[in-house]
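For what it's worth, this note's numbering labels the leading residue of the sequence shown as 132, then goes sequentially.
Ideal placement from N, C-alpha and C gives every residue a C-beta, glycine not left out.
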Amino acid sequence: MKKTLKVLSLALALVMTMSLLAACGGKKDEHQVTVGMTLFEPMNYYDENGNLVGFETEFATAVFEKLGMTPKFQEINWDSKVMELNSKNIDCLWNGMTATEDLKQSLTLSLPYVQNYQVIVIRSENAAVYKSTADLAGAKIDAEAGSAGEKSVLEDVNLSKAIYTSVPMQTEALKEVKTGAADACVLDYVLAKAMVGQGDYADLAIIPDLRLSIEEYTVGFRKNDPMAEKVNGAIVELYQDGTLMKLAEKYGLADQLMEQK
């Protein structure tokens with residue numbers, strides 16, 4: 132009888148423990164929103180103290196603060212961003228995401244807020260060799276998988292003849308050029324402007340007067356997610372009260388910020 136009571140007590144304790152765990156961790160905080168992103172300076176990156184900072188980091192935080200929510204930033208594989216969103220591993224995509232036609236069809240997108248374009252980065256020593264896309268036909272070129280940079284490579288009549296390699300992140304593409312593994316890489320001007328020609332990438336340069344595509348950054352939500360409309364309202368408010376411009380100036384994006392009405 133004592134043995135039976137002991138087993139029952141252990142079983143009851145186990146049930147109570149599982150119930151507590153479910154109560155604590157099984158239900159997502161309705162005031163928390165998970166933001167899918169990659170490390171992309173000056174949008175989302177870690178400072179010298181290990182804190183996540185950047186234009187998008189502060190922008191998203193300000194927007195969700197207006198909505199009474201707290202963002203949780205989660206690094207994802209950018210090439211699988213739509214799957215990550217639709218599987219509900221994340222609640223939105225907020226990372227300098229270009230509003231492509233494919234994304235417009237599969238997601239609900241926010242108001243565009245930053246205008247950007249693609250540039251080509253090379254080693255400074257090759258500035259006289261590579262001046263146009265025609266010069267790069269047959270060269271080794273990298274770009275981030277699933278990015279606007281990759282699309283530019285594949286669609287350009289000259290770059291499509293290059294030896295192309297996709298990499299997980301734009302910063303990886305820069306490293307490939309620096310080490311000589313690639314002759315050039317195609318990436319966002321926003322990132323290139325922040326990193327090329329200084330620090331670890333002081334020996335790299337942007338090919339001047341060469342813009343591959345004009346694009347707009349937007350936030351991505353699951354199709355017909357009502358959160359998109361709420362975020363749009365907050366974006367307009369932050370633009371009109373000057374907060375968004377201050378953030379853009381802080382991170383060197385003032386000349387690319389789009390007006391919000």
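My guess is that residue i and residue j are in contact by the Cβ rule of under 8 Å, so how many angstroms apart are they, rounded?
i, j, result
"I345", "D314", "That pair is no contact at about 25 Å."
"D319", "Q301", "7 Å"
"N406", "N175", "An answer regarding residue 406 cannot be provided, because it is not within the stretch 132 to 392 covered by the chain."
"P173", "V321", "7 Å"
Could you check the C-alpha separation between residue i and residue j for me, to the nearest Å?
i, j, result
"K377", "I253", "32 Å"
"A153", "Y332", "Summary for A153: the model assigns pLDDT 42, below 50, so the residue's position carries little reliability; its value from the coordinates is reported in the next sentence. Their backbone Cα atoms lie some 48 Å apart in a straight line."
"T374", "G269", "46 Å"
"V250", "A259", "17 Å"
"S278", "G181", "26 Å"
"Q205", "I221", "8 Å"
"E187", "K262", "32 Å"
"V384", "Y370", "Note on residue identity: the sequence assigns Leu, not Val, to residue 384. Looking at the two C-alpha atoms, the distance is approximately 14 Å."
"E232", "I337", "27 Å"
"K306", "P299", "12 Å"
"L343", "K219", "33 Å"
"I294", "D210", "20 Å"
"E275", "D266", "21 Å"
"H162", "E281", "36 Å"
"E256", "Q387", "29 Å"
"D340", "M200", "42 Å"
"E360", "L285", "34 Å"
"A379", "E189", "10 Å"
"M389", "V367", "11 Å"
"A312", "Q329", "20 Å"
"M214", "M358", "18 Å"
"Y244", "K381", "16 Å"
"D372", "T296", "43 Å"
"E303", "M168", "16 Å"
So, for residue i: in the same chain, excluding its five sequence neighbours on each side, which residues have a beta-carbon less than 8 Å away from its beta-carbon?
i, result
"Y177", "L170, L183, V184"
"M228", "K212, L234, Y348, T349, V350, G351"
"K309", "R254, D331, Y332, D334, L335"
"K84", "Past the edges of the chain, shown from 132 to 392, lies residue 84, and the structure says nothing about it."
"K392", "V367"
"V164", "F195, M200, T201, P202, K203, D222, C223, M358"
"E179", "none"
Are the Cβ atoms of residue i and residue j separated by less than 9 Å?
i, j, result
"N363", "L224", "no"
"N247", "T264", "no"
"A230", "L240", "yes"
"V166", "K203", "yes"
"V317", "S283", "yes"
Cutting at 7 Å between CB atoms, please list the residues of its own chain near residue i, excluding the five before and the five after it.
i, result
"A365", "V194, K197, L198"
"K324", "G383"
Less than 6 Å between C-beta atoms, sequence neighbours within five positions excluded: which residues of the same chain meet that for residue i?
i, result
"D356", "T239"
"A191", "V166, P202, W225"
"L151", "The predicted position of L151 is uncertain, since its pLDDT is 42 and thus under 50; a value taken from the coordinates is nonetheless stated next. Around L151: no qualifying Cβ."
"K158", "In this prediction, K158 has a pLDDT of 47, which is less than 50 and means its spatial position is unreliable; what the coordinates show is noted afterwards. Correct list: empty, nothing qualifies."
Exercise for review: With a floor of 4 residues, list each alpha helix (DSSP H) that falls wholly inside the stretch 187-263, ordered by position along the chain.
Suggested key: Restricted to the stretch 187-263, the alpha helix (DSSP H) segments that are unbroken, complete and at least 4 residues in length are 212-217, 232-237, listed in chain order.
Exercise for review: Would you list, in sequence order, the uninterrupted alpha helix (DSSP H) runs of no fewer than 4 residues that lie entirely inside the stretch 299-354?
Suggested key: With a minimum length of 4 residues, the continuous alpha helix (DSSP H) runs that stay inside the stretch 299-354 are 301-310, 320-326.
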